[in-house]
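Counting in my numbering, the final residue of the sequence shown is number 154, and the numbers go up one at a time with none missing. Ideal placement from N, C-alpha and C gives every residue a C-beta, glycine not left out. Shown next, in structure tokens, is the structure this report addresses.
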Amino acid sequence: MSRVQLALNVDDVAESVAFYTKLFGTPPAKRRPGYANFAVAEPPLKLVLLENPGRGGTLNHLGVEVGDVDAVDATQARMSGEGLGSVDERGTTCCYAKQDKFWVNGAPDGERWEVYTVLGNADQLCPDEGETSVCCADSGVETSDDRASACC
């Protein structure tokens, strides 16, 4: 199972949840303070809402959710063969989930793309939840040679 992920910044997550529940005819699969995600069957979509007042209506990042770690690895190998760089994040906590993922570098217009699989649930949004956390922040993926500093 693979589906595209669309992560949106919203001003008011409760208001947005009400709208997207009606739009897609399904309630959120996961709901936490300032956060919701929808696992929409048709069209296959993972819609993530991140409450960022004043930033509503903007794109946070894009992704592809895949079924397992083997699919993450195969996708990363394929993209590497196409000359696309990536930054690993294995065993990370993001968006209330344990994940294995990588971020793709080099989109022509700077879009943030991740390819990930969910390993299990987590009790927090990010490992270092708080004012300095960059998990799912709308600041872009800051990369070095060895890691990305955003998640979701």
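Buried or exposed: which applies to residue i, given that a residue is buried once 16 or more other Cβ atoms fall within 10 Å of its Cβ?
{"i": "D102", "result": "buried"}
{"i": "P55", "result": "exposed"}
{"i": "S18", "result": "buried"}
{"i": "T1", "result": "What is shown of the chain runs 3 to 154, which leaves residue 1 out entirely."}
{"i": "K48", "result": "buried"}
{"i": "F21", "result": "exposed"}
{"i": "S88", "result": "buried"}
{"i": "E84", "result": "exposed"}
{"i": "D13", "result": "exposed"}
{"i": "M3", "result": "exposed"}
{"i": "L52", "result": "buried"}
Using 8 Å for Cβ pairs, my map puts residue i next to residue j. What's the rounded Cβ distance?
{"i": "V15", "j": "A38", "result": "6 Å"}
{"i": "P10", "j": "L64", "result": "It should be pointed out that residue 10 corresponds to Leu in this sequence rather than to Pro. 10 Å between Cβ atoms; not a contact."}
{"i": "V68", "j": "T23", "result": "The pair is not a contact, with the Cβ atoms about 25 Å apart (cut-off 8 Å)."}
{"i": "A99", "j": "N123", "result": "6 Å"}
{"i": "V117", "j": "V74", "result": "6 Å"}
{"i": "Q78", "j": "F104", "result": "5 Å"}
Within its chain, find whatever has a CB closer than 6 Å to the CB of residue i; leave out the 5 residues flanking it on each side and keep chain order.
{"i": "G112", "result": "none"}
{"i": "V50", "result": "A9 and N39"}
{"i": "E131", "result": "Because E131 carries a pLDDT of 49, less than 50, the predicted location of this residue cannot be relied on, and the following value inherits that uncertainty. No residues qualify anywhere along the chain."}
{"i": "P29", "result": "T23"}
{"i": "R33", "result": "none"}
{"i": "S135", "result": "Below a pLDDT of 50, predicted positions are generally treated as unreliable, and S135, at 38, falls in that range; no measurement from the model is reported."}
{"i": "R92", "result": "D102"}
{"i": "E133", "result": "Residue placement at E133 is poorly supported in this model, since its pLDDT is 38, which falls under 50; the coordinates are not used for a value here."}
Note down, in chain order, each residue of its chain lying with its Cβ closer than 8 Å to the Cβ of residue i, except the 5 sequence neighbours on either side.
{"i": "D70", "result": "T119"}
{"i": "S82", "result": "S88"}
How about residue i: is its Cβ closer than 8 Å to a heavy atom in the ligand FAD?
{"i": "L61", "result": "The model depicted lacks the ligand FAD and carries no ligand whatsoever."}
(Q) So within the segment 80-120, which uninterrupted beta strand (DSSP E) runs reach at least 3 residues, ignoring any that extend past its ends? (A) 88-96 and 99-106
Q: Scan the segment 47-78 and note each continuous beta strand (DSSP E) run of 3 residues or more that stays entirely inside, going in chain order.
A: 47-53 and 60-67
Q | Whole runs of the alpha helix (DSSP H) within the segment 10-35, excluding any shorter than 4 residues | A | 15-26
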